[in-house]
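> I'd like to ask you about the structure that follows.
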Amino acid sequence: MTTIDRASGQRVAPAHRAKAHRRGSRQRKSVVLTIVMVIFSIYSTVPLLWLIINATKSQSSLFSSFGLWFGNGFDLFGNIAQTFTYNNDIFLHWFANTLLYVVVGGGGATILATLGGYGLAKYRFPGRRAVFAIVLGAVAIPGTALAVPTFLLFSQIGLTNTPWAVILPSLISPFGLYLVWTFATDAVPTELLEAARLDGAGEFRIFFTIALPLLAPGIVTVLLFAIVATWNNYFLPLIMLSDPTWYPLTVGLSQWSAQATGVGAQPIFNLVITGSLLTIVPIVVAFLFLQRYWQSGLAAGSVKQ
Amino acid sequence: MTTTSLPRTARRATRRRRDWRGWGFVAPFMAVFVAMIIAPVFYALYLSFFRQQLIGGNIFAGFSNYLDVFQDAKFWESFGRVALFMVVQVPIMLALSMIAALALDSARLQGASFFRIAIFLPYAVPGVVAALIWGFIYGAQFGLAGSINSFLGAHFSILGAHFLQPFSVSWVLPSIGNIVTWEYMGYNMLIFFAALKVVSSELYEAAEIDGAGPLRTVFSIKIPALRGAIVIATVFSIIGSIQLFNEPNLLKTLAPDVISSYFTPNMYAYNLSFAGQQFNYAATVAIVMGVITAVTAYIVQARGSRQGDF
Chain X
167 MTTIDRASGQ
177 RVAPAHRAKA
187 HRRGSRQRKS
197 VVLTIVMVIF
207 SIYSTVPLLW
217 LIINATKSQS
227 SLFSSFGLWF
237 GNGFDLFGNI
247 AQTFTYNNDI
257 FLHWFANTLL
267 YVVVGGGGAT
277 ILATLGGYGL
287 AKYRFPGRRA
297 VFAIVLGAVA
307 IPGTALAVPT
317 FLLFSQIGLT
327 NTPWAVILPS
337 LISPFGLYLV
347 WTFATDAVPT
357 ELLEAARLDG
367 AGEFRIFFTI
377 ALPLLAPGIV
387 TVLLFAIVAT
397 WNNYFLPLIM
407 LSDPTWYPLT
417 VGLSQWSAQA
427 TGVGAQPIFN
437 LVITGSLLTI
447 VPIVVAFLFL
457 QRYWQSGLAA
467 GSVKQ
Chain B
52 MTTTSLPRTA
62 RRATRRRRDW
72 RGWGFVAPFM
82 AVFVAMIIAP
92 VFYALYLSFF
102 RQQLIGGNIF
112 AGFSNYLDVF
122 QDAKFWESFG
132 RVALFMVVQV
142 PIMLALSMIA
152 ALALDSARLQ
162 GASFFRIAIF
172 LPYAVPGVVA
182 ALIWGFIYGA
192 QFGLAGSINS
202 FLGAHFSILG
212 AHFLQPFSVS
222 WVLPSIGNIV
232 TWEYMGYNML
242 IFFAALKVVS
252 SELYEAAEID
262 GAGPLRTVFS
272 IKIPALRGAI
282 VIATVFSIIG
292 SIQLFNEPNL
302 LKTLAPDVIS
312 SYFTPNMYAY
322 NLSFAGQQFN
332 YAATVAIVMG
342 VITAVTAYIV
352 QARGSRQGDF
């Protein structure tokens, strides 16, 4: 984040320094803008605050205390233990499944997008334009419009209700391909590749020894977005999986939540709340630590349109 | 594009020699792409032209599934609902995102990086968890809506009912709109912010020499510079609105009487196939929605770029 702040400072600074006296009014901090942003920040963070506070309450305390303040007793650790052990450790299964889908699905999507984006950026081959047109056109297809036919195709070859039914469709990230393509065009100098070819290096050796290190920041960005997409995936596993032991966290939590209504209702509100908190902690931590990358990714996506 | 620096003869030679090598890198992506995107599209088309019957099994149905969709009151009700949602929620969300992005870009904020992270944070929250949290907050039992109602008491009741009723017929769509806005406001803010960063400093320089104030700069330079980003964000938001599924599907357990099984086109297609086993009809609904989405996205994009010409 500091690098980008610095970058924006540089954009303003050199050209305007001569007229610093005139720019004085512009640099003054604005109270109105700050108030507006404080309101936006409260709107964005209060629901998360609500989640953290209420994860410390027992089920009975949820009903008897005010939502934005702590109840009587601090049950966070009890709730966490209960979340993990409820119904034969099913939450642990969901957590492990989510990790599996993220590592294989999100990781695989990153590898395919990296290879493909590099190939599109640095080679001219027959059908290159067609690949562009088809992949960019596919972005407009609603993902959910594909879900029903994909489910039927998978059920005919016996893939439904297996991890593959969730992993295989998440291997495709058109946005990731696009990101690596724009990134590779600038970050990998063609002269460097030509020089390596003159030295007799093969194409894949060139990719692994020369291009890959240069592409690393772009790859981390693509990986981050792929992780978020697979971690948050709900519709696809909801359709594909019927066995709860293969559920990811999202589908499992929604099932716990639905347990509160209907015939033979068994509300476990405290577990739904604590489970939700445990679900978002890893992804929020990943975001905070890798800020630099998602910001550069969004910048690349919007600049090069 | 990669060989433009070479002399023409050399370029022709390397091009001929290199012809197919790029496929070595692109082929794995394209193979999965064909299997996971192209094949389902064609399979959906195939399904939409057939009909499953008790007697006779799977028979060719021509366009009759499509005719049924066009005369299906449930389909049009669900489509009208997401269209209304789209027309109201998308402009509000994008306007809020733009205000936030302009504030970040103004260099007149204390702690700008904190605001940027705080407002973007909800994007990392899974849609399911966002809907669950807001569902609790909306709840009358231990949610904030209930607390506000009991705080306001009888003074603010309307016809004897509570002031806040997030799950009533008239409130439920705004309630969902609020969840979606919460999730994506920060994401769109960062897209706009990134677009503002590349505005050339000479433009600001020139504006300042011409005596333009900060507001004038916003309306004459910054907002026009955002046009491309606005088109992109609008297209993505429209696609998201038409596909609306997660939030209403999760709130359905809290408000089963208000959110029907055909509340949005996607929920309709989902329930047709997985509760009703009507796969052919569900595929037809999905295709019709896909075409409507693509056409809407195309129109927005074409209009956006045409305005860019003058």
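Going line by line, the protein sequences match chains X and B.
Under this note's numbering, think of the first position of the first sequence as 167, with each following residue one higher.
Under this note's numbering, think of the first position of the second sequence as 52, with each following residue one higher.
Positions of the beta carbon are idealized from the N, C-alpha and C atoms, including for glycine.
Counting only C-beta atoms, is residue 279 of chain X closer than 8 Å to chain B at any point?
Taking Cβ atoms only, chain B reaches closer than 8 Å to residue 279 of chain X, which makes this a yes.
> Which residues in chain B have a C-beta closer than 8 Å to the C-beta of residue 213 of chain X? List them in chain order.
What residue 213 of chain X touches in chain B: 173, 181, 184, 185, 188, 233.
> Are the CB atoms of residue 337 of chain B and residue 311 of chain X within a distance shorter than 8 Å?
Going by C-beta atoms, residue 311 of chain X is nearer than 8 Å to residue 337 of chain B.
> Under 8 Å, Cβ to Cβ, is there at least one residue of chain B near residue 318 of chain X?
Yes, because at least one Cβ of chain B sits closer than 8 Å to the Cβ of residue 318 of chain X.
> State the CB to CB distance for the pair residue 160 of chain B and residue 203 of chain X, rounded to an integer number of angstroms; the pair is presumed to be in contact (CB under 8 Å).
Confirmed, Cβ separation roughly 6 Å.
> Answer yes or no: does any C-beta atom of chain X fall closer than 8 Å to that of residue 94 of chain B?
True, the Cβ-Cβ gap to chain X drops below 8 Å.
> Counting only beta-carbon separations shorter than 8 Å, does residue 284 of chain X have a partner in chain B?
Cβ-Cβ to chain B under 8 Å: yes for residue 284 of chain X.
> For residue 234 of chain B, is the classification buried or exposed, using 16 other Cβ atoms within 10 angstroms of its Cβ as the cut-off for buried?
Answer is buried; the Cβ neighbour count reaches 16.
> Leaving aside the five residues before and after residue 474 of chain X along the sequence, list all residues of the same chain whose C-beta is less than 8 Å from its C-beta, in chain order.
An answer regarding residue 474 of chain X cannot be provided, because it is not within the stretch 167 to 471 covered by chain X.
> Residues in the same chain with beta-carbon distance under 8 Å from residue 298 of chain X, minus the five sequence neighbours each way, listed in chain order, please.
Closer than 8 Å at Cβ, skipping near neighbours: 286.
> Would residue 363 of chain B and residue 233 of chain X be called neighbours here (beta carbons separated by less than 8 Å)?
The requested residue 363 of chain B does not occur in the structure, where chain B is confined to residues 52 to 361.
> May I ask you to list, following chain order, the residues of the region 239 to 262 of chain X that have a beta carbon less than 7 Å from some beta carbon of chain B?
Cβ contacts with chain B come from no residue of the region 239 to 262 of chain X.
> When you compare the CB positions of residue 275 of chain X and residue 392 of chain X, do they come within less than 8 Å of one another, or not?
Cβ distance < 8 Å, so residue 275 of chain X and residue 392 of chain X count as in contact.
> Give the residues from the region 326 to 337 of chain B that approach chain X closer than 8 Å (Cβ to any Cβ), ordered along the chain.
Taking 8 Å as the Cβ-Cβ cut-off against chain X, the residues of the region 326 to 337 of chain B that qualify are 330, 333, 334, 337.
> By Cβ distance, which residues of its chain are closer than 7 Å to residue 315 of chain B, with the 5 residues on each side in sequence left out?
If we look at residue 315 of chain B and ignore the five residues flanking it on each side, its Cβ neighbours are 129, 132, 133, 295, 296, 299.
> Say whether the region 239 to 256 of chain X touches the region 436 to 447 of chain X, bearing in mind that this needs 3 or more beta-carbon pairs closer than 8 Å, one atom from each stretch.
With a cut-off of 8 Å, the region 436 to 447 of chain X and the region 239 to 256 of chain X count as touching, because enough Cβ pairs lie within range.
> Could you tell me which chain B residues have their CB closer than 9 Å to the CB of residue 459 of chain X, listed as they occur along the chain?
In chain order: nothing, as chain B lies at least about 13 Å away.
> Pick out whichever of B:287, B:250, B:282, B:286 has its Cα sitting closest to the Cα of residue 271 of chain B.
The option with the nearest alpha carbon to residue 271 of chain B is B:250.
> Can you look up residue 103 of chain B in the DSSP assignment and give me helix, strand or coil?
In the structure shown, residue 103 of chain B sits in a strand (DSSP, three-state: E or B).
> Using only the alpha-carbon positions, how far apart do residue 289 of chain X and residue 85 of chain B sit?
So the two alpha carbons sit approximately 21 Å from each other.
> Does the Cβ-Cβ distance between residue 266 of chain B and residue 152 of chain B come in under 8 Å?
In this structure, residue 152 of chain B does not lie closer than 8 Å to residue 266 of chain B by Cβ.
> Taking the CB atoms as reference points, tell me whether residue 173 of chain B and residue 181 of chain B lie closer together than 8 Å.
It is a contact, given that the beta carbons lie within the stated cut-off.
> Are the beta-carbon atoms belonging to residue 289 of chain B and residue 351 of chain B less than 8 Å from one another?
Yes, Cβ-Cβ distance for residue 289 of chain B and residue 351 of chain B is below 8 Å.
> Looking at chain B, is there any beta carbon in it that lies within less than 8 Å of the beta carbon of residue 289 of chain X?
True, the Cβ-Cβ gap to chain B drops below 8 Å.
> Output the distance between the C-alpha atoms of residue 434 of chain X and residue 217 of chain X, rounded to the nearest integer angstrom.
Between residue 434 of chain X and residue 217 of chain X, the C-alpha separation is close to 15 Å.
> For the structure I just gave you, are there three or more beta carbon pairs, one from the region 99 to 108 of chain B and one from the region 323 to 337 of chain X, closer than 8 Å?
No, because fewer than three Cβ pairs between the region 99 to 108 of chain B and the region 323 to 337 of chain X fall closer than 8 Å, the two stretches do not touch.
> Could you pull the start and end residues of the alpha helix (DSSP H) that residue 453 of chain X belongs to?
Unbroken alpha helix (DSSP H) run through residue 453 of chain X: 435 to 455.
> Which of the three DSSP states is assigned to residue 246 of chain X in this structure?
The answer is helix: DSSP assigns residue 246 of chain X an H, G or I state.
> Quick check on residue 398 of chain X: does DSSP put it in helix, strand or coil?
DSSP places residue 398 of chain X in coil when its eight states are reduced to three.
> Does DSSP put residue 347 of chain B in a helix, a strand or coil?
Helix.
> Just checking, does the region 298 to 313 of chain B make contact with the region 212 to 227 of chain B on the three C-beta pairs under 8 Å criterion?
Output reads yes: the region 212 to 227 of chain B touches the region 298 to 313 of chain B.
> Please report the residue range of the alpha helix (DSSP H) in which residue 84 of chain B lies.
Looking at the DSSP string, the run of the alpha helix (DSSP H) that includes residue 84 of chain B is 74 to 84.
> Sorted by chain position, which residues of the same chain lie with C-beta nearer than 7 Å to residue 292 of chain B's C-beta, five sequence neighbours on each side aside?
The answer, listed in chain order, is 133, 136, 137, 140, 141.
> Nearest-angstrom Cα distance between residue 410 of chain X and residue 262 of chain X?
Between residue 410 of chain X and residue 262 of chain X, the C-alpha separation is close to 13 Å.
> Which residues of the region 132 to 147 of chain B have a Cβ closer than 8 Å to any Cβ of chain X? Give them in chain order.
Answer in chain order: 147.
> Do we get a CB-CB distance below 8 Å when we pair residue 71 of chain B with the residues of chain X?
Judged by the 8 Å Cβ criterion, residue 71 of chain B is in contact with chain X.
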